[in-house]
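Residue 123 in the UniProt record's numbering is what sits at position 123 of the sequence shown, and the numbering runs on without skipping anything.
We put the beta carbon where it would ideally sit given N, CA and C, even for glycine.
Please read all numbers here as calculations on a predicted model, not as lab measurements.
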Amino acid sequence: MTRAAPDVEKVLSERALSQWAQAISHVAGHYRVACSPGSIQANAPWFRGKSRTTALTQLARQAGLSFHAPDIDKTAFSQWRLPLVVELRDGQLLVIEHVNGEDAVDVFVIEEEGQRNRLTLSELLPEILYVAALRPLSALKDSRVDRYISRFKPDWMRELVLQDIRPYLPVMVAAFLINVLSLAGIVFSMQVYDRVIPAQSYPTLYVLSFGVLVAVLFGFLLREARTHIMDVLGKRADMRISDRVFGHALRLRNSAIPRSTGSFISQLRELEQIREMITSSTLATIVDLPFFFLFMVVLAIIAPPLAWIAPVAALLMILPGVALHPQL
Numbered sequence: 001m002t003r004a005a006p007d008v009e010k011v012l013s014e015r016a017l018s019q020w021a022q023a024i025s026h027v028a029g030h031y032r033v034a035c036s037p038g039s040i041q042a043n044a045p046w047f048r049g050k051s052r053t054t055a056l057t058q059l060a061r062q063a064g065l066s067f068h069a070p071d072i073d074k075t076a077f078s079q080w081r082l083p084l085v086v087e088l089r090d091g092q093l094l095v096i097e098h099v100n101g102e103d104a105v106d107v108f109v110i111e112e113e114g115q116r117n118r119l120t121l122s123e124l125l126p127e128i129l130y131v132a133a134l135r136p137l138s139a140l141k142d143s144r145v146d147r148y149i150s151r152f153k154p155d156w157m158r159e160l161v162l163q164d165i166r167p168y169l170p171v172m173v174a175a176f177l178i179n180v181l182s183l184a185g186i187v188f189s190m191q192v193y194d195r196v197i198p199a200q201s202y203p204t205l206y207v208l209s210f211g212v213l214v215a216v217l218f219g220f221l222l223r224e225a226r227t228h229i230m231d232v233l234g235k236r237a238d239m240r241i242s243d244r245v246f247g248h249a250l251r252l253r254n255s256a257i258p259r260s261t262g263s264f265i266s267q268l269r270e271l272e273q274i275r276e277m278i279t280s281s282t283l284a285t286i287v288d289l290p291f292f293f294l295f296m297v298v299l300a301i302i303a304p305p306l307a308w309i310a311p312v313a314a315l316l317m318i319l320p321g322v323a324l325h326p327q328l
């Protein structure tokens, strides 16, 4: 015997909406639809005063589910149509999860700390007042499929490395401030020799010392923050590159793999150089390199005859590596 669900336009109370929010979250978890049970529970009171159909449709949509109220019929509780949410005459909600045999059903009791129970459908059917079928709005999609079936891009490495390029802007700002604060030591020495020693001005020395300590402290904090940010960005890039390279290596056909295992491992080992460059202090050196010219300009302003010392010293540091490179 088939009967339509009565009172479909019934206005739900706040307690009933809370139960329905729990039931919707449970069904969403069954289908592995990503949703926030806390958010659904918090939004449930906003639908108070609306009709049952309107409230449950909008509440289910927030969880990524569609809402449908089928007729109350024994044939509706087949295994292929589960799970179903049913409301009993006393207001209790149950989620029918499994039909075991011809008459036994496994149910999840809402507001009973996740209690599951087994009931007989013949006894449960007369007590059912309302039935709701909740289904995902769209077919579940694996976000990795598009990446695997996409065409090969020659610049895939650049795309993976530069995916987090925007957070490097604060790193550049921090590098600028760190290098500017590093000039505090030079200014302090100049002021001590020009003002403090000739005039024996100890108050000036105290103020300059306090200012240098503040500059050193801020420089240290900025340096630590920059190091942490660059480590996090390097770790993300390392994980993306490793996932792409080793995932591709595991999916290679045997005909495409070199016969020599050592040769294949050697090709993968070359990736370590790129990973070490991304996750090491090399990036910090590259970021600080433009500020070398800032020091040269400041040195040229303060003492023009000594401006040649910095570039000559940098050249002497680079020459040994360049000279030994052909031999290596």
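Three-state secondary structure assigned by DSSP to D7: Any reading at D7 needs caution, since the residue's pLDDT is 48, under 50, leaving its predicted position unreliable; the model's value is listed next. In the structure shown, D7 sits in coil (DSSP, three-state: anything other than H, G, I, E or B).
DSSP beta-bridge partners of P136: L65
Start and end residues, beta strand (DSSP E) containing V86: 84-88
P45 versus L121 - alpha carbon distance: 32 Å
Cβ of L169 within 7 Å of any chain B Cβ: Although the question refers to chain B, the structure presented lacks it and comprises just one protein chain.
A4 versus V85 - alpha carbon distance: Bear in mind that the predicted position of A4 carries a pLDDT of just 48, short of 50, making it too unreliable to give a figure here.
Residue 332: first and last residue of the uninterrupted alpha helix (DSSP H) it sits in: Residue 332 is absent from the structure shown; the chain starts at 1 and stops at 328.
Which of helix, strand or coil DSSP assigns to L94: strand
For V99 and S78, the rounded distance between their alpha carbons: 7 Å
Sequence ranges, alpha helix (DSSP H) only - wholly within the UniProt domain "ABC transmembrane type-1" (171-328), length at least 4: 184-191, 202-250, 261-269, 271-279, 282-288, 291-302, 309-324
Outcome for V105 when other beta-carbon atoms lying within 10 angstroms are tallied against a minimum of 16: buried
Per DSSP, cross-strand counterpart(s) of I128: L88
Presumed contact (8 Å Cβ cut-off) between W156 and R244, rounded CB distance: 7 Å
I33 (DSSP reduced to helix, strand or coil): Per the sequence shown, the amino acid found at residue 33 is Val instead of Ile. Three-state result, V33: coil.
Status (buried if at least 16 other CB within 10 Å, exposed otherwise) for I165: exposed
Burial state of E159, where buried means 16 or more other Cβ atoms lie within 10 Å: exposed
CB-CB length for G219 against I178, believed under 8 Å: 5 Å
Residues that DSSP places opposite A104 in a beta bridge: N100, T120
Coarse secondary structure for S13, derived from DSSP in three states: coil
Local conformation of S78 per DSSP, three classes: coil
Cβ pair A310, L299 closer than 7 Å: yes
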